[in-house]
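Below is one structure, written out as structure tokens; comments come after it.
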Amino acid sequence: MTRLTIRDIQKLKDKGDRIAMLTAYDATSAFLAEAAGAPMLLVGDSLGMVVQGHQSTIPVTLEHIIYHARIVMRVTTSALVVGDMPFMTYKTSIEQAMTGAARLMQETGVEAVKVEGGETIAPTIERLVQAGIPVMAHIGLTPQSVNQFGGFRVQGKDRDTAAQLICDAKAIEDAGAFAVVLELIPAPLAKEITGMLKIPTIGIGAGPDCSGQVQVFHDLLGLYPSFGPRHARQYANAGEIIQQALASYVQDVKGGAFPTAAQSSTMNEDIIAELHQRGEKPCE
Ligand code: KIV
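Reading the sequence shown from the start, the letters are residues 54 to 337 in my numbering.
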């Protein structure tokens with residue numbers, strides 16, 4: 054099976070098919086997300102929060118993303134996989150971005166990278182694209198700037214910040230990005246931006262009128278107990294189900310109910326009887 058490409062993603066948008074993107078970080082999440090039919094997977098730096106247990110994405114390094122992207126690529130066959138460029142791996146200089154993106158693609162096989170930022174990052178996007186690297190952009194609440202924003206807050210609510218986001222979206226498209234994530238911006242603004250652009254907009258907390266949506270695997274499944282963002286719908290409380298199952302296992306081990314003969318193997322017991330007779334020196 055061949056993987057979807059950025060052209061296939063554009064075709065989905067052009068046909069009016071809404072694009073359901075999911076994050077994936079390991080073999081289980083990648084296998085399940087692809088099997089569920091997601092055409093695009095993101096090895097997001099959100100792994101810093103849901104896998105590594107940090108309060109933000111800032112501690113994530115390029116090595117971490119490479120490690121997880123290799124796993125996701127190993128177990129998927131059809132989805133387009135995008136690798137996130139972590140905090141400060143692409144903003145120091147264009148050369149830094151080129152080197153990091155090249156490593157991410159060469160060492161993992163991902164077909165595209167994602168960078169956060171608008172107008173200011175457009176020259177970097179342009180160079181990456183010229184070098185043959187497909188780029189997904191990300192504007193609005195860009196989590197790598199959470200300290201600058203003073204928290205995970207909705208962006209673009211007033212005239213100036215909304216106008217800036219529109220300019221950012223245009224600059225990104227002009228620079229050659231193949232798609233743009235719109236995170237935590239008001240639904241009417243996301244609708245306006247989506248209407249202006251030819252490339253797909255992928256919303257997260259940006260209302261129903263984007264070309265597609267992206268959600269964090271753990272948020273949809275209720276896997277991460279201490280974090281449930283408002284923009285996510287919990288489709289299953291898998292965390293509770295898993296916790297109950299694990300508690301049953303602990304009780305069964307304590308009470309001697311696990312394992313039983315069904316989970317064990319047998320052998321000729323005469324051998325054990327003979328070894329037992331040899332006492333403490335069975336090897337002599
Ligand atoms: O890292 C991530 O998972 C993301 C999505 C939330 C868009 O950037």
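Ideal Cβ positions, reconstructed from N, Cα and C, are used throughout, including at glycine.
Item to check | Any non-hydrogen atom of ligand 1 closer than 8 Å to H117 Cβ | outcome: As a working mapping, residue 117 is identified with position 64 in the sequence shown. Residue side-chain check: H117 keeps its Cβ at 8 Å or more from all non-hydrogen atoms of ligand 1.
Item to check | Distance cut 7 Å, beta-carbon to ligand 1 heavy atom: residue list by chain order | outcome: The answer, residue by residue, is T76, L95, G97, D98, S99, T110, D137, K167, H191, P196, V234, E236, I257, V267 and V269.
Next on the checklist: Check for me: the beta strand (DSSP E) holding V104 runs from which residue to which?
Outcome noted: Translated into positions along the sequence shown, residue 104 becomes position 51. From DSSP, V104 is part of no beta strand (DSSP E); its letter is neither H nor E.
Checklist entry - What are the boundary residues of the alpha helix (DSSP H) that includes E245? => result Here residue 245 refers to the residue found at position 192 of the sequence shown. Segment A240 to M249, the alpha helix (DSSP H) holding E245.
Checklist entry - What residues in its chain sit with their C-beta under 8 Å from that of L361, if we drop five residues either side in the sequence? => result Here the chain comprises residues numbered 54 to 337, so residue 361 is not present and cannot be evaluated.
Checklist entry - Considering only C-alpha positions, which residue in the set R56, L218, D262 and A300 is nearest to R127? => result Taking the first residue of the sequence shown as 1, we reach residue 127 at position 74. Answer by Cα proximity: R56.
Checklist entry - So what does DSSP say about G193, is it helix, strand or coil? => result Here residue 193 refers to the residue found at position 140 when the sequence shown is read from its first residue. Note: G193 maps to strand in three-state DSSP.
Item to check | Beta-carbon gap between D222 and P253 smaller than 9 Å | outcome: In the sequence shown, residue 222 corresponds to position 169, counting from 1. In the sequence shown, residue 253 corresponds to position 200, counting from 1. A small correction: the amino acid at residue 222 is Ala; Asp does not occupy that position in the sequence shown. No. Outside cutoff.
Checklist entry - Who are the near neighbours of F84 in its chain, counting only those whose CB is closer than 8 Å to its CB and skipping five residues on each side? => result Stepping through the sequence shown from its first residue, residue 84 is reached at position 31. The residues are V128 and T129.
Item to check | Same chain, Cβ closer than 6 Å to G308, neighbours up to 5 away in sequence not counted | outcome: Translated into positions along the sequence shown, residue 308 becomes position 255. Counting only Cβ-Cβ distances below 6 Å, and skipping sequence neighbours, we find nothing.
Checklist entry - Does the distance from the CB of M141 to the CB of Q197 come in under 9 Å? => result Position 88 of the sequence shown, counted from the start, is the residue given in the question as residue 141. Position 144 of the sequence shown, counted from the start, is the residue given in the question as residue 197. Contact: yes.
Checklist entry - What residues match up with I72 in a beta bridge as DSSP calls it? => result Reading the sequence shown from its first residue, position 19 is the one you call residue 72. Paired residue(s): G265.
Next on the checklist: I need the DSSP call for L181, collapsed to helix, strand or coil.
Outcome noted: By one-based count along the sequence shown, residue 181 stands at place 128. Secondary structure at L181: helix, using DSSP grouped into helix, strand and coil.
Item to check | Contact under 9 Å by Cβ, A228 with I147 | outcome: Walking along the sequence shown from the start, residue 228 turns up at place 175. Walking along the sequence shown from the start, residue 147 turns up at place 94. No. Outside cutoff.
Checklist entry - What is the C-beta distance between A289 and C263, in whole angstroms, given that I count them as a contact (C-beta under 8 Å)? => result Counted from its first residue, the sequence shown places residue 289 at position 236. Counted from its first residue, the sequence shown places residue 263 at position 210. About 24 Å separates the two Cβ atoms, so there is no contact after all.
Checklist entry - By how many angstroms is the C-alpha of Q108 removed from the C-alpha of G171? => result The sequence position of residue 171 within the sequence shown is 118, counting from 1. The sequence position of residue 108 within the sequence shown is 55, counting from 1. Cα to Cα, G171 sits roughly 24 Å from Q108.
Checklist entry - Under the three-state reduction of DSSP, which class applies to M138: helix, strand or coil? => result If you number the sequence shown from 1, residue 138 lands on position 85. DSSP places M138 in coil when its eight states are reduced to three.
Next on the checklist: Between the alpha carbons of R71 and P92, how many angstroms are there, rounded?
Outcome noted: Taking the first residue of the sequence shown as 1, we reach residue 71 at position 18. Taking the first residue of the sequence shown as 1, we reach residue 92 at position 39. R71 and P92: Cα-Cα distance of roughly 10 Å.
Item to check | Rounded straight-line distance, which links the Cα of P187 to that of P176 | outcome: Within the sequence shown, the letter at position 123 stands for residue 176. Within the sequence shown, the letter at position 134 stands for residue 187. Computed Cα separation, rounded: 14 Å.
Next on the checklist: Could you compute how far the alpha carbon of Q266 sits from the alpha carbon of M320?
Outcome noted: Taking the first residue of the sequence shown as position 1, residue 266 is located at position 213. Taking the first residue of the sequence shown as position 1, residue 320 is located at position 267. One C-alpha to the other measures close to 55 Å.
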